[in-house]
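Visitor: Sequential numbering from 0 applies to the sequence shown in numbering that gives the first Met the number 0.
Where is the CB? At the ideal position from N, CA and C, for every residue including glycine.
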Amino acid sequence: MGLLVRIAVDDLTDPEIESFLQGHISEMRAVSPPGSTHALELSSLRRPGVTFWSAREGDAVLGCGAIKEIDLEHAEIKSMRTDPSHKNRGIASQLLTHIIGESKLMGYTRLSLETGSADFFEPARKLYLKHGFDYCEPFAEYRKDPNSVFMTRTL
0 MGLLVRIAVD
10 DLTDPEIESF
20 LQGHISEMRA
30 VSPPGSTHAL
40 ELSSLRRPGV
50 TFWSAREGDA
60 VLGCGAIKEI
70 DLEHAEIKSM
80 RTDPSHKNRG
90 IASQLLTHII
100 GESKLMGYTR
110 LSLETGSADF
120 FEPARKLYLK
130 HGFDYCEPFA
140 EYRKDPNSVF
150 MTRTL
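#1: Rounded to whole angstroms, how far is the Cβ of Ile-99 from the Cβ of His-73, which I believe are closer than 8 Å?
#2: Can you give the Cα-Cα distance for Ser-18 and Arg-45, rounded to whole angstroms?
#3: Taking the C-alpha atoms as reference points, what is the distance between Tyr-134 and Thr-153?
#4: Drop a sphere of 10 angstroms on the beta-carbon of Ser-31, count the other beta-carbons inside from all chains shown, and report buried for 16 or more, exposed for fewer.
#5: Helix, strand or coil: how does DSSP classify Met-0 here?
#6: State the CB to CB distance for the pair Trp-52 and His-97, rounded to an integer number of angstroms; the pair is presumed to be in contact (CB under 8 Å).
#7: Of the choices Ser-92, Pro-83 and Ser-25, whose alpha-carbon is the least far from that of Leu-126?
#8: Starting from Glu-56, trace the beta strand (DSSP E) both ways and give me its first and last residue.
#9: CB-CB under 7 Å to Ile-6, same chain, minus the five flanking residues each way: which ones, in chain order?
#10: Can you tell me which of Ser-78, Ala-139, Thr-12 and Ala-123 puts its alpha carbon nearest to the alpha carbon of Ile-69?
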């Protein structure tokens, strides 16, 4: 098994998490064409209906993930990221398992997500498939986009 980390709801006030999320936004903009980047800015992650978790070892941020409520039974996974220096250590899998469990406790019966279709996103797609997600049509306000892949699973 990979590294064990502390996963907790994060209030997004720590400068370290702000920097970590800015790295996520920058990376997504670098690998996705304009108009096909769906990463949420910090202000959007602080809105009602969004729950954000960070994965830490001590004070160091190793990863993060969030859910955004679509309706009372359906939420979208957002902002999944592992620090590049900690990839392939099981952090994303631990985070995703935690988010799925918490989503069930919050009363959601479905989780969906959008990720990229490019090779860069293949590890993410494999992770979601491993955790029971299947490919689906666009959901919520998304539209078909050759740069996006949509996935969903029931809880």
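Guide: The short version:
#1: Residue 99 sits at position 100 when you count from the first residue of the sequence shown. Residue 73 sits at position 74 when you count from the first residue of the sequence shown. In fact, because the Cβ distance is near 14 Å, the residues do not count as touching under 8 Å.
#2: Here residue 18 is taken as the residue at index 19 of the sequence shown, counted from 1. Here residue 45 is taken as the residue at index 46 of the sequence shown, counted from 1. Their Cα atoms are separated by approximately 15 Å.
#3: If you number the sequence shown from 1, residue 134 lands on position 135. If you number the sequence shown from 1, residue 153 lands on position 154. So the two alpha carbons sit approximately 12 Å from each other.
#4: For the purposes of this step, residue 31 is taken as residue 32 along the sequence shown, with counting starting at 1. The residue in question, Ser-31, is buried, as its Cβ has 16 or more Cβ neighbours within 10 Å.
#5: The residue labelled residue 0 in the question sits at position 1 within the sequence shown. Legend: pLDDT at Met-0 = 46, less than 50; position of this residue unreliable, value from coordinates given subsequently. Note: Met-0 maps to coil in three-state DSSP.
#6: Position 53 of the sequence shown holds residue 52. Position 98 of the sequence shown holds residue 97. With a Cβ gap of about 7 Å, Trp-52 and His-97 count as contacting.
#7: What you label residue 126 is simply residue 127 of the sequence shown in a count that begins at 1. Closest option to Leu-126, Cα to Cα, is Ser-92.
#8: Numbered from 1 along the sequence shown, position 57 holds the residue referred to as residue 56. 49 to 56 is the span of the beta strand (DSSP E), which, as asked, contains Glu-56.
#9: Residue 6 sits at position 7 when you count from the first residue of the sequence shown. So the list reads Trp-52, Ala-54, Gln-93, Leu-94 and His-97, once near-sequence residues are dropped.
#10: Within the sequence shown, residue 69 is the residue found at index 70, counting from 1. If we check each option's Cα against that of Ile-69, Ala-139 comes out closest.
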